[in-house]
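K.L.:
In the UniProt record's numbering, the protein residues as written are 1 to 432.
Virtual Cβ for every residue (Gly too), placed ideally from N, Cα, C.
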Amino acid sequence: MREGDTAFLYELARDSEELKLLEYLTDAEKPIIRYRAAELLGGLRTGTNSQSEERIGTALLRTAKTDESDDVRAAAIDAMYLRDEGYLERLIEEVAAGEVDDPPEWMDVDRVTDWLAADQPEFRMVAAAAVGRIGDDTGVPALVDAVADADVRVRTKAAEACGKIGDPRAIDALASRLDDPQNQVRRAAAAALASIGTRRAVEALAPAARSDTESVRVIAVGELDRFGSLEPLPLLIEALEDGSELVRRTATRTILELLANAPAERSHDVRHEVAEAIFDASPPDLAAQLLTILRGNQPAYIRRNATWLLGRVAENEREYPDAVVDYLIRALDDEDELTAKFALSTLVELEDPSLLERLREFLDRDDVSEAATSRAEFVRKKRAEANRPSREAVTNSVEYTYVSDPSDYTAKKRERGSDSSTDAGDDSDSNE
1 MREGDTAFLY ELARDSEELK LLEYLTDAEK PIIRYRAAEL LGGLRTGTNS QSEERIGTAL
61 LRTAKTDESD DVRAAAIDAM YLRDEGYLER LIEEVAAGEV DDPPEWMDVD RVTDWLAADQ
121 PEFRMVAAAA VGRIGDDTGV PALVDAVADA DVRVRTKAAE ACGKIGDPRA IDALASRLDD
181 PQNQVRRAAA AALASIGTRR AVEALAPAAR SDTESVRVIA VGELDRFGSL EPLPLLIEAL
241 EDGSELVRRT ATRTILELLA NAPAERSHDV RHEVAEAIFD ASPPDLAAQL LTILRGNQPA
301 YIRRNATWLL GRVAENEREY PDAVVDYLIR ALDDEDELTA KFALSTLVEL EDPSLLERLR
361 EFLDRDDVSE AATSRAEFVR KKRAEANRPS REAVTNSVEY TYVSDPSDYT AKKRERGSDS
421 STDAGDDSDS NE
């Protein structure tokens, strides 16, 4: 059929007439018209209301499953990919679960992996995602081939599927995609290697973490927290000294995620090992990177871990930015109790000549909470004493509990016989 026979559909798309396009998708007799309608629906971004969006998504899903034309079905899948991946996810779920009623010929195969050889990349994309959802490791060889597919969508879904299955046989294929020209493929490959989580997977990520391309290094370093262990710590320490500020900041954030993901029973050991590795390396601007991260709207688990690490920087470095002390004082008023206590625990040990004056200025403000005022007064009292008490005396204060990590805080609360339950005082919350 000539292109001119569908020209009127372009007019409808230009005028954002989605529902009229939908009629042609569902009712037109000619496959070329249904194909073009699906294609154009995928390219529209008109702020459709939720009711219309549901009608369009449902129609595209039905078309992808039942239309007699391979090309029309492929166009419908692509439209779902572009418009709302929620409907594409529904198709993938149905395929993975074998729940498609009266499956059309294109679905009539012995195994989903057979679709990875389909001519249409949209079918291959659905198949790759479904194989990962099923989690059957017999599909890994086919996925390994699909990781090198000519279509970026297929490569991405295949890499994601390899990560879901977690089979080490995919490591080499995933490593080969770490320099893929498409960012989404590089990110999916790095995440998949991190999900596999073996030592060889770390080794495969290492070249990407040291790549000459900044964006590749950022992706690789940003995925290292997924390992759930300290295996990638040496790579993260290297990245803290990277010539790119973005890579250094990404490494800092990844370390905070690594601390947060540590099992509660190993929290103290993990923190000790991380801190020791960091200060052995002496990264150039860790304090500045932490402060930059903390200036954003961060969740409590990031604030508490960043505050803890910033405190270690202040205690271990002779020179640090003035902004470190300013932040720690402000953190006395953090709504997260554990973050505030980390700040307090650092400040009572901090021998900074400007601290008392800064505390006075903080206490003179009208917007400081009662709890923060009490904490600031406590710090000022301790720092003002001519003979600073021993750490044990501070630790055993009836007013405040010295904390070095979340598990320490919880244990001391239990020793005091506290019956209260707060987010900051729970190990599991501290590491979320």
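Could you spell out where the alpha helix (DSSP H) holding L240 opens and where it closes?
P.N.:
For the purposes of this step, residue 240 is taken as residue 240 along the sequence shown, with counting starting at 1. Unbroken run through L240: none, as it is neither H nor E.
K.L.:
Could you check where the alpha helix (DSSP H) with F8 kicks off and where it finishes?
P.N.:
Translated into positions along the sequence shown, residue 8 becomes position 8. Per DSSP, F8 belongs to the alpha helix (DSSP H) from 7-14.
K.L.:
Name the two residues that bound the continuous alpha helix (DSSP H) containing R358.
P.N.:
Position 358 of the sequence shown, counting from 1, holds the residue named residue 358. Residues 355-363.
K.L.:
If distances are taken between C-alpha atoms only, which option among K164, L205, K157 comes closest to D179?
P.N.:
Locating residue 179 in the sequence shown gives position 179, counting from the first residue. When each option's Cα is compared against that of D179, the closest is L205.
K.L.:
Would the segment 238-248 count as touching the segment 185-202 if we require 3 or more Cβ pairs under 8 Å?
P.N.:
no
K.L.:
Alpha carbon to alpha carbon, how far is L347 from L328?
P.N.:
Against the sequence shown, residue 347 aligns to sequence position 347. Against the sequence shown, residue 328 aligns to sequence position 328. Roughly 7 Å separates the two Cα atoms.
K.L.:
Does Q120 come out as helix, strand or coil in the three-state DSSP assignment?
P.N.:
As a first step, residue 120 is located in the sequence shown; it is residue number 120 there, counting from the start. In this structure, Q120 counts as coil in the three-state DSSP scheme.
K.L.:
Measuring CA to CA, which of F123, N183, A277 is closest to R312?
P.N.:
For the purposes of this step, residue 312 is taken as residue 312 along the sequence shown, with counting starting at 1. Nearest Cα to R312 within the set F123, N183, A277: A277.
K.L.:
In terms of alpha-carbon separation, which member of D27, L19, T339, L40 lies closest to S50?
P.N.:
Here residue 50 corresponds to residue number 50 of the sequence shown, with the count starting at 1. Nearest C-alpha to S50: L19.
K.L.:
Rounded to the nearest angstrom, what separates D5 and L236 at their Cα positions?
P.N.:
As a first step, residue 5 must be located in the sequence shown, where it is residue number 5. As a first step, residue 236 must be located in the sequence shown, where it is residue number 236. Rounded to the nearest angstrom, the two C-alpha atoms are 58 Å apart.
K.L.:
What alpha helix (DSSP H) runs, 4 residues minimum, are completely inside the segment 25-60?
P.N.:
31-43
K.L.:
Applying the criterion that 16 or more other CB atoms from any shown protein chain within 10 Å of the CB defines a buried residue, is R360 buried or exposed?
P.N.:
Counting from one through the sequence shown, the residue named residue 360 turns up at place 360. Counting Cβ neighbours within 10 Å, R360 comes out exposed, since fewer than 16 surround it.
K.L.:
Could you round the C-beta distance between T63 and R73 to whole angstroms and report it? I think they count as a contact, below 8 Å.
P.N.:
Indexing the sequence shown from 1 puts residue 63 at position 63. Indexing the sequence shown from 1 puts residue 73 at position 73. The pair is a contact, with the Cβ atoms about 7 Å apart (cut-off 8 Å).
K.L.:
Helix, strand or coil for P283? Go by DSSP, reduced to three states.
P.N.:
Here the question's residue 283 lines up with position 283 in the sequence shown. Residue state, collapsed to three classes: coil.
K.L.:
Roughly how many whole angstroms lie between the Cα atoms of A251 and A239?
P.N.:
Against the sequence shown, residue 251 aligns to sequence position 251. Against the sequence shown, residue 239 aligns to sequence position 239. Straight-line Cα distance between these residues: approximately 6 Å.
K.L.:
Candidates E317, G132, A37, R358: which alpha carbon is nearest M80's?
P.N.:
Position 80 of the sequence shown holds residue 80. Considering only alpha carbons, the answer is A37.
K.L.:
CB A159 to CB A192, shorter than 8 Å?
P.N.:
Position 159 of the sequence shown, counted from the first residue, corresponds to residue 159. Position 192 of the sequence shown, counted from the first residue, corresponds to residue 192. Their beta carbons are under 8 Å apart, which means A159 touches A192 by this criterion.
K.L.:
Across the segment 288-296 and the segment 260-276, are there enough close Cβ pairs to call them in contact, namely three or more that are closer than 8 Å?
P.N.:
With contact defined as three or more Cβ pairs closer than 8 Å, the segment 288-296 and the segment 260-276 are not in contact.
K.L.:
Identify every run of the beta strand (DSSP E) within the segment 310-374, keeping only runs that are complete inside it and at least 3 residues long; order them along the chain.
P.N.:
none
K.L.:
Should S345 go down as buried or exposed, given a rule of 16 or more other Cβ atoms within 10 Å for buried?
P.N.:
The residue given as residue 345 occupies position 345 in the sequence shown. Burial call: buried.
K.L.:
Could you say which of A323, K341, V144, L258 lies nearest to A371 if we only look at CA atoms?
P.N.:
For the purposes of this step, residue 371 is taken as the residue at position 371 of the sequence shown. Of the candidates A323, K341, V144, L258, K341 places its Cα closest to the Cα of A371.
K.L.:
Apply the 10 Å Cβ neighbour rule to T339 and answer buried if 16 or more other Cβ atoms are within range, or exposed otherwise.
P.N.:
Position 339 of the sequence shown, counting from 1, holds the residue named residue 339. Burial call: buried.
K.L.:
Below 8 Å on the Cβ atoms is my contact criterion, and I expect A188 with T156 to pass it. Report the Cβ-Cβ distance as a whole number of Å.
P.N.:
The residue labelled residue 188 in the question sits at position 188 within the sequence shown. The residue labelled residue 156 in the question sits at position 156 within the sequence shown. At roughly 5 Å, the Cβ-Cβ gap stays under 8 Å, so A188 and T156 are in contact.
K.L.:
If you run the structure through DSSP and keep just helix, strand and coil, what is T307?
P.N.:
To locate residue 307, count along the sequence shown from 1; it is residue 307. Helix.
K.L.:
Out of W308, R375, L286, state which residue places its alpha-carbon closest to the alpha-carbon of R249.
P.N.:
Reading the sequence shown from its first residue, position 249 is the one you call residue 249. It is L286.
K.L.:
Measuring straight from C-alpha to C-alpha, what distance separates A323 and A314?
P.N.:
The residue labelled residue 323 in the question sits at position 323 within the sequence shown. The residue labelled residue 314 in the question sits at position 314 within the sequence shown. Going from the Cα of A323 to the Cα of A314 covers about 11 Å.
K.L.:
Where do the N-terminal and C-terminal ends of the alpha helix (DSSP H) with T252 fall, by residue?
P.N.:
Position 252 of the sequence shown, counted from the first residue, corresponds to residue 252. Note, T252: alpha helix (DSSP H), 245-260.
K.L.:
Count the other CB atoms, across all protein chains shown, that sit within 10 Å of the CB of E223; report buried if there are 16 or more and exposed otherwise.
P.N.:
Position 223 of the sequence shown, counted from the first residue, corresponds to residue 223. By the neighbour-count rule (16 or more Cβ atoms within 10 Å), E223 is buried.
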